[in-house]
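K.L.:
Note that the sequence shown covers residues 3 to 121 in this note's numbering. Glycine included, each C-beta is placed from N, C-alpha and C at the ideal position. After the structure tokens below, expect a handful of questions from me.
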Amino acid sequence: MTESIQSDLSKADVELTAQAQDLTSLVEYAKNSVVSRTITDKTAGTVTVFAFDAGQGLSEHQAPFDATVVVLDGAACITIGGEEVRARAGQIVIMPANVPHAVRAEEPFKMMLIMIKQE
């Protein structure tokens with residue numbers, strides 16, 4: 003069974019601001035799970051870091067805004083509008099607004115998702 007774990011910013015996370023952070027250490031892998039941690043959640047957009055165990059993913063969905071995936075560790079297959087894109091650590095993938103997309107980890111995989119909301 004796939005488990006999803008969400009960790010939002012708390013008072014303790016205020017320590018993330020005004021200093022350098024190692025993105026890959028902000029979220030840890032969990033067996034058979036997708037773990038996420040919201041770094042920024044503002045009116046203008048969000049930044050979230052995810053850790054996917056191998057074989058885990060996000061089912062097909064769409065968003066009303068462009069989303070940028072920055073691959074931090076591992077590799078994944080990102081399907082955008084029915085086309086598969088394979089991405090590895092150090093690469094970025096831009097998913098256009100209103101186009102169905104999904105993510106599947108081919109191995110343990112970490113990513114940062116940046117969504118900037120447009121009016």
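When you compare each of Leu74, Gly83, Lys33, Asn100 to Ala89 by their alpha carbons, which one comes out closest?
P.N.:
Numbered from its first residue, the sequence shown carries residue 89 at position 87. Of the listed residues, the one whose Cα sits closest to Ala89 is Leu74.
K.L.:
Thinking Lys112 and Thr50 are a contact (beta carbons under 8 Å), I'd like their distance in whole angstroms, please.
P.N.:
Along the sequence shown, read from residue 1 onward, the residue named residue 112 stands at position 110. Along the sequence shown, read from residue 1 onward, the residue named residue 50 stands at position 48. Not a contact, Cβ separation roughly 11 Å.
K.L.:
Using CA coordinates, which residue listed in Val29, Ala65, Asp55 is at the minimum distance from Val97?
P.N.:
Position 95 of the sequence shown holds residue 97. It is worth fixing the name first, because residue 97 is Met in this sequence and not Val. Met97 has its Cα closest to that of Ala65, out of Val29, Ala65, Asp55.
K.L.:
List, from N- to C-terminal side, the beta strand (DSSP E) runs of 3 residues or more that fit wholly inside the region 75-103.
P.N.:
You should have 77-82, 85-90, 94-97.
K.L.:
Could you check if Ala46 is buried or exposed, using at least 16 other CB atoms within 10 Å of its CB as the buried criterion?
P.N.:
Within the sequence shown, numbered from 1, the residue matching residue 46 stands at position 44. Looking at its Cβ environment, which holds fewer than 16 other Cβ atoms inside 10 Å, Ala46 is exposed.
K.L.:
Among Gln120, Lys119, Ile118, Gly76, which has the Cα closest to the Cα of Val105?
P.N.:
Mapped onto the sequence shown, residue 105 falls at position 103. Val105 has its Cα closest to that of Gly76, out of Gln120, Lys119, Ile118, Gly76.
K.L.:
Taking the alpha-carbon positions, what's the Gly92 to Val72 distance?
P.N.:
Start at 1 with the first residue of the sequence shown, and residue 92 comes out as number 90. Start at 1 with the first residue of the sequence shown, and residue 72 comes out as number 70. Approximately 7 Å between the Cα atoms of the pair.
K.L.:
Give every residue of the same chain whose Cβ lies closer than 7 Å to the Cβ of Thr70, excluding the five residues on either side of it in the sequence, and list them in chain order.
P.N.:
By one-based count along the sequence shown, residue 70 stands at place 68. Once the five neighbours on either side are set aside, the close Cβ partners of Thr70 are Ile94, Ile96, Ile116.
K.L.:
Suppose you measure from the CA of Ser38 to the CA of Ala78; what does that come to, to the nearest Å?
P.N.:
As a working note, residue 38 is residue 36 in the sequence shown. As a working note, residue 78 is residue 76 in the sequence shown. Roughly 16 Å between the two C-alpha positions.
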